[in-house]
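To keep things clear, I will list the structure first and then write my remarks on it.
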Amino acid sequence: MELRFTCCSNMNYSDSWQGAVDALTRDKSGSLLTSLGIATGTASLVLVVCIVMGGRQFVVSKIQGIGANMIIAEHPGGGYLDGSSADELSLEDIAAVRRLRPQVVASSPMYQIPISITGPGGQDRYMRILGVSPDYSRIRNLDLILGRFFDESEVNERTKAALITPLLAEKLYGSVYAAIGKNLNLQNLSFEVIGVFRERVETFGESEVTKETTLIPYTIAMHWNSKMEQAFFSVNEADYVVTESAAIISVIESRHRLGAVYKSENLTRLLRVAMNAGDALLIVMGLISAITLFIGGVGVMNIMLANAHSRVREIGIRRALGARRSDIVIQFLTEAFVVSLFGGTLGTVAGLAVPFVIRISSDFRVPISGWSVVVSLGSAVAVGIISGTWPARLAAKTNIVHALHFE
Numbered sequence: 028m029e030l031r032f033t034c035c036s037n038m039n040y041s042d043s044w045q046g047a048v049d050a051l052t053r054d055k056s057g058s059l060l061t062s063l064g065i066a067t068g069t070a071s072l073v074l075v076v077c078i079v080m081g082g083r084q085f086v087v088s089k090i091q092g093i094g095a096n097m098i099i100a101e102h103p104g105g106g107y108l109d110g111s112s113a114d115e116l117s118l119e120d121i122a123a124v125r126r127l128r129p130q131v132v133a134s135s136p137m138y139q140i141p142i143s144i145t146g147p148g149g150q151d152r153y154m155r156i157l158g159v160s161p162d163y164s165r166i167r168n169l170d171l172i173l174g175r176f177f178d179e180s181e182v183n184e185r186t187k188a189a190l191i192t193p194l195l196a197e198k199l200y201g202s203v204y205a206a207i208g209k210n211l212n213l214q215n216l217s218f219e220v221i222g223v224f225r226e227r228v229e230t231f232g233e234s235e236v237t238k239e240t241t242l243i244p245y246t247i248a249m250h251w252n253s254k255m256e257q258a259f260f261s262v263n264e265a266d267y268v269v270t271e272s273a274a275i276i277s278v279i280e281s282r283h284r285l286g287a288v289y290k291s292e293n294l295t296r297l298l299r300v301a302m303n304a305g306d307a308l309l310i311v312m313g314l315i316s317a318i319t320l321f322i323g324g325v326g327v328m329n330i331m332l333a334n335a336h337s338r339v340r341e342i343g344i345r346r347a348l349g350a351r352r353s354d355i356v357i358q359f360l361t362e363a364f365v366v367s368l369f370g371g372t373l374g375t376v377a378g379l380a381v382p383f384v385i386r387i388s389s390d391f392r393v394p395i396s397g398w399s400v401v402v403s404l405g406s407a408v409a410v411g412i413i414s415g416t417w418p419a420r421l422a423a424k425t426n427i428v429h430a431l432h433f434e
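What follows is the structure, given as structure tokens:
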């Protein structure tokens, strides 16, 4: 029997490491199964972090696709004043905001006109017309599928240009490509279709843009409906959204009668909810993975107890030759460390393989956290050492006389 405990007072750690490897290789199947238990917990921990971070990133990116820096101001009515056109939002309000709030880098009024048009086959179709400025495309982060957006000169000259959604293009003209350059009759005025657009993120009709929406210059739309439904703004940094939302309302209120009610909306709260939900899910799933890792630690404790029982005579000989109890404790803890480190490394590699395969095989970029690797490996080693402490202490307390007579 090859014995690896050092007999001198100064312990040789290389011998301890080699002894741990030799002891574990004598029971390869048990050591491998124990390592697999640790590997399962470690892999699940890495995967949980990657999956939850990927899900949170996906949700946040979708919310930001609507317009992360967007602020919407509107006059909902109410308050103690009777409704008056003097309280409605105006182009002068938007100009004042742009002049007084330098963080606001884009703005657009929005006039809404619901109409019906006669489509192919003589059927009437409901359509929503939005009168906006060129900045609207930037603020709402619209996806221009084909063609172009109207510019400031066309707005000022009241050029009859229109952009339509893909569904309208297909139903009115047969295809998106066929729609460009065609005439669209709105309120007895003929508009040229110059582009086809869509929301970059599907809002399922919950926003002002529906499946059948047409965008035209606001200078034309305001003659059909003089009431500005909403005013859209965009700030240069997402960090300014909350403070600028309040500042914009203050500017607008200062220009109207005392008591007129205005409100602002932005996506900051929705983003915060999504991120908090992601954090909560990460904690819950992490705890579940920690339970799996704990079960792996029980396996480490079992194999260490089995080793201590099968090597009682070896321990007695080493103790008789001068090995200290601390030497035996270190020996067994080294074995627990080796098993947990091997299992942790195996689990980390397996856990990271999944997001890498997803990245290679699809366009979805699953985030990979370096911290998840550090935490998973550290947790695996910590669980292994903690689980091996009790068997190591039991082995060190073995009675020398009893151990030498053990068969």
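Going by the working numbering, the first residue of the sequence shown is number 28, and it counts up by one from there. We treat Cβ as the ideally placed atom computed from N, Cα and C, and that holds for glycine.
Practice item. Could you tell me the boundaries of the beta strand (DSSP E) in which Arg165 lies? Key: Not the beta strand (DSSP E): Arg165 falls in the alpha helix (DSSP H), residues 162–166.
Point to revise | Within 8 Å, strictly: CB atoms of Lys187 and Glu239 | key: no
Check your understanding: Which class does Thr33 belong to by DSSP, given the choice of helix, strand or coil?
Key -> Interpretation of Thr33 is limited by its pLDDT of 45, a score under 50 that renders its predicted location unreliable; the figure taken from the coordinates is listed afterwards. In the structure shown, Thr33 sits in coil (DSSP, three-state: anything other than H, G, I, E or B).
Review point. Which one of Ala100, Thr241, Cys77, Val79 has the shortest CA to CA distance from Ile279?
Key: Ala100
Review point. Which first and last residues belong to the alpha helix (DSSP H) in which Thr375 is found?
Key: 352–388
Review point. Who are the near neighbours of Glu271 in its chain, counting only those whose CB is closer than 7 Å to its CB and skipping five residues on each side?
Key: Within the same chain, Glu271 has close Cβ partners Ile98, Arg128, Gln130, Val131, Val262.
Exercise for review: Give the single residue among Gly370, Asp390, Val381 whose Cα lies nearest to the Cα of Ile78.
Suggested key: The closest CA to that of Ile78, considering only Gly370, Asp390, Val381, is found on Val381.
Practice item. Output the boundary residues of the alpha helix (DSSP H) element that contains Leu171. Key: From DSSP, Leu171 is part of no alpha helix (DSSP H) but of the beta strand (DSSP E) over 170–174.
**Study point:** Spatial distance of Ser277 from Leu404 (CA atoms)
**Key:** 53 Å
Review point. Is Leu199 helix, strand or coil when you go by DSSP?
Key: helix
**Study point:** Nearest residue (CA-CA) to Val327, options Ser367, Gly397, Glu179
**Key:** Ser367
Point to revise | Val278 - containing alpha helix (DSSP H), residue span | key: 268–281
**Study point:** Element boundaries [beta strand (DSSP E), containing Ile221]
**Key:** 216–225
Check your understanding: Considering only residues of the same chain and omitting the five flanking positions on each side of Arg165, which have a CB-CB separation below 8 Å?
Key -> Ala133, Ser261
**Study point:** Separation of Glu235 from Ile121, as counted between CA atoms
**Key:** CA-to-CA, the gap between Ile121 and Glu235 works out to about 19 Å.
Exercise for review: Decide if Phe224 is buried, meaning its Cβ has at least 16 other Cβ atoms within 10 Å, or exposed.
Suggested key: buried
Check your understanding: Where does Lys238 sit, in a helix, a strand or coil, going by DSSP?
Key -> coil
Practice item. Determine the extent of the beta strand (DSSP E) in which Ile99 is found, giving its start and end residues. Key: Counting along the chain, the beta strand (DSSP E) containing Ile99 begins and ends at 97–101.
Point to revise | Counterpart residues of Ser143 in DSSP-defined beta bridges | key: Tyr153
Review point. Taking Cβ positions, are Val124 and Ser160 nearer each other than 8 Å?
Key: no
Exercise for review: Give the DSSP-derived three-state secondary structure of Pro129 in the structure shown.
Suggested key: coil
Review point. Quick one: what does DSSP say Ile247 is sitting in, helix, strand or coil?
Key: helix
Point to revise | Of the listed residues Thr192, Lys254, Arg83, nearest to Met137 (C-alpha basis) | key: Lys254
**Study point:** Buried versus exposed, by CB contacts within 10 Å (16 or more), Ile330
**Key:** That one is buried.
Check your understanding: Okay, do the segment 54–73 and the segment 403–417 touch, 3+ Cβ pairs below 8 Å being the bar?
Key -> yes
Check your understanding: In three-state DSSP terms, what is Leu115?
Key -> The sequence shown places Glu at residue 115, not Leu. In the structure shown, Glu115 sits in coil (DSSP, three-state: anything other than H, G, I, E or B).
Exercise for review: Measure the alpha-carbon distance for Ala113 versus Arg284 and round it to whole angstroms.
Suggested key: 8 Å
Check your understanding: Expressed to the nearest angstrom, what Euclidean distance is found between the alpha-carbon atoms of Thr361 and Ser56?
Key -> Cα-Cα distance, rounded: 19 Å.
Practice item. Excluding the 5 residues preceding and the 5 following Ala95 in the sequence, name in chain order all residues of the same chain whose CB lies nearer than 7 Å to its CB. Key: For Ala95, same chain residues with a beta-carbon under 7 Å away, outside a window of 5 residues either side, are Ala265, Leu294 in chain order.
Practice item. Pick helix, strand or coil for Gly64, following the three-state DSSP scheme. Key: helix
Review point. In the structure shown, what three-state DSSP assignment does Phe302 receive?
Key: According to the sequence as given, residue 302 is Met; it is not Phe. Helix at Met302.
Exercise for review: Evaluate Arg185 with the Cβ neighbour count: other Cβ atoms within 10 Å of its Cβ, from every protein chain shown; 16 or more gives buried, anything less gives exposed.
Suggested key: exposed
**Study point:** Simplified DSSP assignment, three categories, for Asn210
**Key:** strand
Check your understanding: Could you give the residue range of the alpha helix (DSSP H) that holds Ser396?
Key -> First-last for Ser396: undefined, no H or E at that position.
Check your understanding: According to the Cβ coordinates, are Val76 and Ser389 closer than 8 Å?
Key -> no
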